[in-house]
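J.: When you number the sequence shown by my numbering, it's gap-free, plus one each residue, and the end is 221. Ideal Cβ placement from N, Cα and C applies to all residues, glycine included.
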Amino acid sequence: MLNIILFGAPGSGKGTQSKILLQNHQLEYISMGDILRQQIAQQTPLGLEAKALIDKGQLVPDDLIIKILEKRMAEAKTTNGFLFDGYPRTLAQAEILEQLLTKMGTSLSYFISLEVPEEELTKRLLNRAKIEGRSDDTKEVIEQRFKEYEAKTKPVKDYFAQKGKMIQIVGTGTEADVAERLDNILRK
Ligand code: ADP
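Spelled out as structure tokens, the structure:
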């Protein structure tokens, strides 16, 4: 199985690159942000709880996120592998994912970190706000998301780096530029 975590700060292009990657690789795509937004749109109890936090730029609690992940992975029929976008965002989430993969008799193939300077991230997110109107893409909420990222999510990158699994790629340039860098890694 090819199991990939696409990692990066808010606005780093995880969603965009995931979509390109899925054109060439038949992977089960798990986007935690998309799943949460779907729950919000359907106004489920989970969605309502998540919305209150997401709109403040805070992470959704691990126990809820882990439940979603377990369910999604159990439902998946893939034999090719998984592409994780927006998961894991905390160390606890990272450890659970490794356990679930081990239980399935597989493991993480790549942890790929998209590197984009914060200035550029803010620009992209504010631009996306104009196009998509996501309720968490306002200046104040973006700042809070960066704070959460620094405090809780960045340690996940160090965790996989210590295991020798972390690969950084430059996340600036055109979407095609970044896609090519990603492709180069997966070809190896
Ligand atoms: P981005 O990476 O652009 O910030 P996402 O669409 O991946 O956006 O996630 C949007 C929001 O959903 C996050 O700011 C967070 O509040 C919540 N969220 C998504 N994934 C997770 C996760 N794995 N753990 C906790 N909260 C999450």
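If you draw a straight line from the C-alpha of Glu-82 to the C-alpha of Lys-221, how long is it?
T.: What you label residue 82 is simply residue 49 of the sequence shown in a count that begins at 1. What you label residue 221 is simply residue 188 of the sequence shown in a count that begins at 1. In a straight line, the C-alpha of Glu-82 is about 42 Å away from that of Lys-221.
J.: Compute the Euclidean distance between the alpha carbons of Gln-56 and Gly-204, then round it to the nearest angstrom.
T.: Stepping through the sequence shown from its first residue, residue 56 is reached at position 23. Stepping through the sequence shown from its first residue, residue 204 is reached at position 171. Taking the straight line from one Cα to the other gives about 19 Å.
J.: For Ile-53 and Ala-212, I'd like the C-alpha separation in whole angstroms.
T.: Reading the sequence shown from its first residue, position 20 is the one you call residue 53. Reading the sequence shown from its first residue, position 179 is the one you call residue 212. Using only the alpha carbons, I get a separation of about 7 Å.
J.: What does a CB cutoff of less than 6 Å around Ala-125 pick up in its chain, not counting 5 residues either side in sequence?
T.: Here residue 125 refers to the residue found at position 92 of the sequence shown. Counting only Cβ-Cβ distances below 6 Å, and skipping sequence neighbours, we find Asp-95.
J.: Run through DSSP, which three-state label would Met-199 get?
T.: Position 166 of the sequence shown, counted from the start, is the residue given in the question as residue 199. Three-state result, Met-199: strand.
J.: By the three-class DSSP mapping on this structure, what secondary structure does Ser-142 have?
T.: Taking the sequence shown and counting its residues from 1, the one referred to as residue 142 is at position 109. If DSSP states are grouped into helix, strand and coil, Ser-142 belongs with coil.
J.: For the alpha helix (DSSP H) that contains Asp-96, what are its first and last residues?
T.: Walking along the sequence shown from the start, residue 96 turns up at place 63. That run of the alpha helix (DSSP H) goes 95–108.
J.: Given a cut-off of 8 Å on the beta-carbon distance, is the pair Val-233 and Asp-67 in contact?
T.: Any question about residue 233 goes unanswered here, given that the chain covers just 34 to 221.
J.: Would you say Gly-114 touches ligand 1, meaning its beta carbon is less than 7 Å from a heavy atom?
T.: To locate residue 114, count along the sequence shown from 1; it is residue 81. No, the Cβ of Gly-114 stays beyond 7 Å of every heavy atom of ligand 1.
J.: Which whole runs of the alpha helix (DSSP H) in the segment 59–85 are 4 residues long or more, in chain order?
T.: 65–74
J.: Using the Cβ count rule (16 or more neighbours within 10 Å means buried), how would you classify Ser-168?
T.: Taking the first residue of the sequence shown as position 1, residue 168 is located at position 135. Counting Cβ neighbours within 10 Å, Ser-168 comes out exposed, since fewer than 16 surround it.
J.: What residue range does the alpha helix (DSSP H) around Gly-204 cover?
T.: Numbered from 1 along the sequence shown, position 171 holds the residue referred to as residue 204. From DSSP, Gly-204 is part of no alpha helix (DSSP H); its letter is neither H nor E.
J.: Can you give me the C-alpha to C-alpha distance between Glu-153 and Pro-43, rounded to a whole angstrom?
T.: For the purposes of this step, residue 153 is identified with residue 120 of the sequence shown, where counting begins at 1. For the purposes of this step, residue 43 is identified with residue 10 of the sequence shown, where counting begins at 1. Computed Cα separation, rounded: 11 Å.
J.: Measure from the alpha carbon of Glu-148 to the alpha carbon of each residue in Pro-78, Leu-35, Gly-206, Tyr-62, then state which is nearest.
T.: If you number the sequence shown from 1, residue 148 lands on position 115. Looking at the Cα atoms, Gly-206 is the closest of the given residues.
J.: If Asp-118 sits next to Lys-190, beta carbons under 8 Å apart, how far is it from one beta carbon to the other, in whole angstroms?
T.: Along the sequence shown, one-based indexing puts residue 118 at 85. Along the sequence shown, one-based indexing puts residue 190 at 157. Asp-118 to Lys-190, Cβ: 15 Å. No contact.
J.: Three-state secondary structure (DSSP) at Asp-118?
T.: Position 85 of the sequence shown, counting from 1, holds the residue named residue 118. Strand.
J.: Which residue comes first and which comes last in the alpha helix (DSSP H) that contains Gly-48?
T.: Numbered from its first residue, the sequence shown carries residue 48 at position 15. Looking at the DSSP string, the run of the alpha helix (DSSP H) that includes Gly-48 is 47–57.
J.: First and last residue of the beta strand (DSSP E) that includes Leu-35?
T.: Start at 1 with the first residue of the sequence shown, and residue 35 comes out as number 2. DSSP places Leu-35 outside any beta strand (DSSP E), giving it a letter other than H or E.
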